[in-house]
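Asks: Residue numbers (our numbering), protein chains in the order written: chain A, 1 to 291; chain B, 1001 to 1137. Sharing a structure with you now.
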Amino acid sequence: MPSLKDVQDKIVGVKKTAQITSAMNMVASAKLRGAQDKMENFRPYADKFNEAMSNLSGGGNTDQFPLMEVRDVKNVEMVIVTSDRGLCGSFNANIVKLAEKKMREYEAEGKTVSFVCVGKKGNQSLKKTGKVRTQFLDIMSDFQMYNAREIAQDVATNFLTGKTDKVEVLFGHFKSVAVQRPEAQDMLPITPMEEEEGAEEKQAVGDYIYEPSTEEIMDVMQPLYLNVIIYNAMLQVGASEHAARMTAMDNATNACKDIVSDLTLVYNKARQAAVTGELMDIVGGAEALKG
Amino acid sequence: MAQQIHLEVVTPAGAVVSEDVDIVNAPGYGGDFGVLANHAPFLSTIKIGLLTYEQGKDRKSLMISGGFSEVSNNKITFLVESAEFGSEINVDRAMKAKERAEKRLAQAAAHDGNFNQVRAEAALQRALARIKASKID
């Protein structure tokens, strides 16, 4: 039987932990709102951008753009976007797991794999593979478009110099507050957008005045498109991180409450045992005096 | 009332402008261009510089950095990396950025550093556009 004092100390300790986890939950939910707003704000830009991209790729052939060049794939690069901070359940671990799975698959096909880590957590886990080419750390808490641009430029340079033949982005897709799923998206070479609208759309495209030529516009837009992909992945991870942390902290708070109620039971039992023991002593003493 | 064209300026951080205006002037690839109502469909890349637009007697200007613009159906959309109103610009900061960029350009010229030169050049252009925008508003 643990002593009364021990149990009491433990209850106080667990209650304090619960206080911290529930505070973290609230902080995460506030930050989630911010991250979701940021995602909402980006949507019009992304939508318009994709629209213009698909309008443009209708004309002209793809071979002339170095960023669209399809080569025999020997070297694959994966951009792993994770959060900088932990305590968010299995969120980062799931992304890393997907990265490792893909790495094994590619290596089984005889391809070499390298990683670009965005966010500390992915870097910590993948460092040991020795395949991390470069990393961008401590930017996930407050990133802007120029952070995404820096990453996209680095990756694109590597692709253009022929060091990599294919680039994928791995990130945590923010499906809802409850569901975040690790996902891989092809980034390079850029695949032409599909035309779903058909002939009518094409007609409208033909009427545009382009300044300068479509080719030159594509040269400007393609790097921007890479920025959009990276920025989007970062936004998704930013929101997912907070959502995952909310869930994790909620679970932790509930676990703390369970432990406290268990411990309270133990405490009450121990106290009752002590009271009974004392009573027995007193009664025993009184009996002895009488006799 | 004269005919108007709908202007939208969209950045990754959200829409900055969405209103009907009389005329838009913007820094295009081949030089500044102006767009009035019912312009033909048009697509151009945008350089760092000043976007100005007029509504009656109101004249406003924004500093914008690289992207592109599209005109269609009497609507002009700018997709740019950043857009700031002249009144929102911190002139001191822009001035300092200008000096910094000039210093770096001088250094780059001395050491023949290619990549940094491109970056410093862009930084200088942004700073100059900011200073210009802040003077108009």
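We put the CB at the ideal spot given by N, CA and C, even for glycine.
Assess, as a yes-or-no matter, whether the region 224-234 of chain A is touched by the region 180-193 of chain A under the definition of 3 or more beta carbon pairs within less than 8 Å.
Replies: They touch, by the three-pair rule.
Asks: What separation, rounded to the nearest whole angstrom, lies between the Cα atoms of A:Ala148 and B:Ala1037?
Replies: Mapped onto the first sequence, residue 148 of chain A falls at position 148. Mapped onto the second sequence, residue 1037 of chain B falls at position 37. Those two C-alpha atoms are separated by around 36 Å.
Asks: Would you tell me roughly how many angstroms separate the C-alpha atoms of A:Met78 and B:Gln1117, rounded to the nearest one?
Replies: Here the question's residue 78 of chain A lines up with position 78 in the first sequence. Here the question's residue 1117 of chain B lines up with position 117 in the second sequence. When rounded, the distance between both Cα atoms is 29 Å.
Asks: Relative to the C-alpha of B:Ala1097, which residue among B:Asn1073, B:Ser1082, B:Arg1130 and B:Gly1086 is closest?
Replies: Working through the second sequence from its first residue, we reach residue 1097 of chain B at position 97. Here the closest residue by C-alpha is B:Arg1130.
Asks: Using the Cβ count rule (16 or more neighbours within 10 Å means buried), how would you classify B:Gln1107?
Replies: On the second sequence, residue 1107 of chain B is found 107 positions in, with the first residue counted as 1. Exposed, by the Cβ-count rule.
Asks: So if I threshold CB-CB distances at 9 Å, which residues from the region 1007-1023 of chain B count as touching chain A?
Replies: From the region 1007-1023 of chain B, only Glu1008, Val1010, Thr1011, Pro1012, Ala1013, Gly1014 and Ala1015 have a Cβ closer than 9 Å to chain A.
Asks: Would DSSP call B:Tyr1029 helix, strand or coil?
Replies: What you label residue 1029 of chain B is simply residue 29 of the second sequence in a count that begins at 1. Looking at B:Tyr1029 - three-state DSSP - the assignment turns out to be coil, as it is neither helix nor strand.
Asks: Using 8 Å as the threshold, is the region 122-133 of chain A in touch with the region 1059-1071 of chain B, meaning 3 or more CB pairs across them?
Replies: Flag = no, the region 122-133 of chain A and the region 1059-1071 of chain B do not touch.
Asks: What residue does the beta strand (DSSP E) around A:Arg71 start on, and which one ends it?
Replies: In the first sequence, counting from the first residue as 1, residue 71 of chain A sits at position 71. Where A:Arg71 is concerned, there is no enclosing beta strand (DSSP E), given that its DSSP letter is neither H nor E.
Asks: Given A:Gln203, which residues of its chain have a CB within under 8 Å of its CB, disregarding the five upstream and five downstream residues?
Replies: Translated into the one-based positions of the first sequence, residue 203 of chain A becomes position 203. Confidence at A:Gln203 is low in this model, with a pLDDT of 45, below 50, so its placement is unreliable and no value can be given for it.
Asks: Using only alpha-carbon positions, find the residue among B:Ala1101, B:Lys1135 and B:Lys1047 that is nearest to B:Asn1090.
Replies: Looking up residue 1090 of chain B in the second sequence gives position 90. Checked all of B:Ala1101, B:Lys1135 and B:Lys1047; the closest Cα to B:Asn1090 is B:Lys1135.
Asks: Looking at the C-beta of B:Gly1030, does it have a partner C-beta in chain A at a distance below 8 Å?
Replies: Taking the second sequence and counting its residues from 1, one reaches residue 1030 of chain B at position 30. At least one chain A Cβ lies under 8 Å of B:Gly1030.
Asks: Can you check which of these residues, A:Tyr45, A:Val12 and A:Asp9, is closest to B:Gly1014 by C-alpha distance?
Replies: What you label residue 1014 of chain B is simply residue 14 of the second sequence in a count that begins at 1. If we check each option's Cα against that of B:Gly1014, A:Tyr45 comes out closest.
Asks: Should B:Leu1043 be flagged as near chain A, meaning a C-beta pair shorter than 8 Å?
Replies: Here residue 1043 of chain B refers to the residue found at position 43 when the second sequence is read from its first residue. Answer yes: the Cβ-Cβ gap between B:Leu1043 and chain A drops below 8 Å somewhere.
Asks: Measuring alpha carbon to alpha carbon, tell me which of A:Met140, A:Met249 and A:Ser22 ends up nearest A:Phe171.
Replies: Looking up residue 171 of chain A in the first sequence gives position 171. Out of A:Met140, A:Met249 and A:Ser22, A:Met140 has the C-alpha closest to the C-alpha of A:Phe171.
Asks: For A:Gly130, which residues from the same chain have a beta carbon less than 6 Å from its beta carbon, with the 5 sequence-adjacent residues on both sides left out?
Replies: Along the first sequence, read from residue 1 onward, the residue named residue 130 of chain A stands at position 130. For A:Gly130, where only same-chain residues beyond five positions count, there are no Cβ hits under 6 Å.
Asks: Can you list the residues of chain B that A:Phe159 reaches, using a CB-CB cut of under 7 Å?
Replies: For the purposes of this step, residue 159 of chain A is taken as residue 159 along the first sequence, with counting starting at 1. Chain B residues near A:Phe159: none, gap ~17 Å exceeds 7 Å.
Asks: Using a Cβ-Cβ cut-off of 8 Å, state whether A:Tyr208 counts as contacting chain D.
Replies: You won't find chain D in this structure, because its protein chains are A and B.
Asks: Would you say the beta carbon of A:Ala35 is closer than 7 Å to some non-hydrogen atom of the ligand SAH?
Replies: Summarising the ligand content, the structure contains no ligands, and the ligand SAH is consequently not present.
Asks: Report the neighbours of A:Glu211 on chain B: residues whose CB is nearer than 9 Å to its CB, in chain order.
Replies: Working through the first sequence from its first residue, we reach residue 211 of chain A at position 211. What A:Glu211 touches in chain B: Gly1028, Tyr1029, Gly1030, Phe1033, Phe1042, Leu1043, Ser1044 and Thr1045.
Asks: Should A:Glu216 and B:Gly1030 be called a contact, given that it needs their Cβ atoms to be closer than 8 Å?
Replies: Position 216 of the first sequence, counting from 1, holds the residue named residue 216 of chain A. Position 30 of the second sequence, counting from 1, holds the residue named residue 1030 of chain B. Not in contact: A:Glu216 and B:Gly1030 (Cβ atoms no closer than 8 Å).
Asks: Hey, is A:Lys31's beta-carbon within less than 8 Å of any beta-carbon in chain B?
Replies: Stepping through the first sequence from its first residue, residue 31 of chain A is reached at position 31. Chain B, which has no Cβ nearer than 8 Å to the Cβ of A:Lys31, makes this no.
Asks: Under a three-way DSSP split, which group does A:Cys256 fall into?
Replies: Looking up residue 256 of chain A in the first sequence gives position 256. Residue state, collapsed to three classes: helix.
Asks: Can you tell me whether DSSP reads A:Asp142 as helix, strand or coil?
Replies: For the purposes of this step, residue 142 of chain A is taken as the residue at position 142 of the first sequence. If DSSP states are grouped into helix, strand and coil, A:Asp142 belongs with coil.
Asks: Quick check: the Cα distance between A:Val70 and A:Ser213, rounded to an integer number of angstroms?
Replies: Looking up residue 70 of chain A in the first sequence gives position 70. Looking up residue 213 of chain A in the first sequence gives position 213. A:Val70 and A:Ser213: Cα-Cα distance of roughly 23 Å.
Asks: Helix, strand or coil: which one does DSSP assign to B:Lys1132?
Replies: Position 132 of the second sequence, counted from the first residue, corresponds to residue 1132 of chain B. B:Lys1132: helix per DSSP, three-state reduction.
Asks: Leaving out the 5 sequence neighbours to the left and right, which residues in its chain are closer than 6 Å to A:Thr17 when beta-carbon positions are compared?
Replies: Taking the first sequence and counting its residues from 1, one reaches residue 17 of chain A at position 17. Hits under 6 Å: Cys256.
Asks: Three-state secondary structure (DSSP) at B:Gln1004?
Replies: One-based indexing of the second sequence puts residue 1004 of chain B at position 4. It is coil, neither helix nor strand.
Asks: Taking C-alpha atoms, which residue in A:Gln272, A:Met221 and A:Ala23 lies nearest to A:Glu51?
Replies: Within the first sequence, numbered from 1, the residue matching residue 51 of chain A stands at position 51. Looking at the Cα atoms, A:Met221 is the closest of the given residues.
Asks: Ends of the beta strand (DSSP E) at B:Val1016?
Replies: On the second sequence, position 16 is the one that residue 1016 of chain B refers to. It spans Gly1014 to Val1021 - the beta strand (DSSP E) in which B:Val1016 sits, taken as one unbroken run.
Asks: Look at the Cβ atom of B:Ile1076, then the Cβ atom of B:Val1016, and state whether they are nearer than 8 Å.
Replies: Stepping through the second sequence from its first residue, residue 1076 of chain B is reached at position 76. Stepping through the second sequence from its first residue, residue 1016 of chain B is reached at position 16. No. Outside cutoff.
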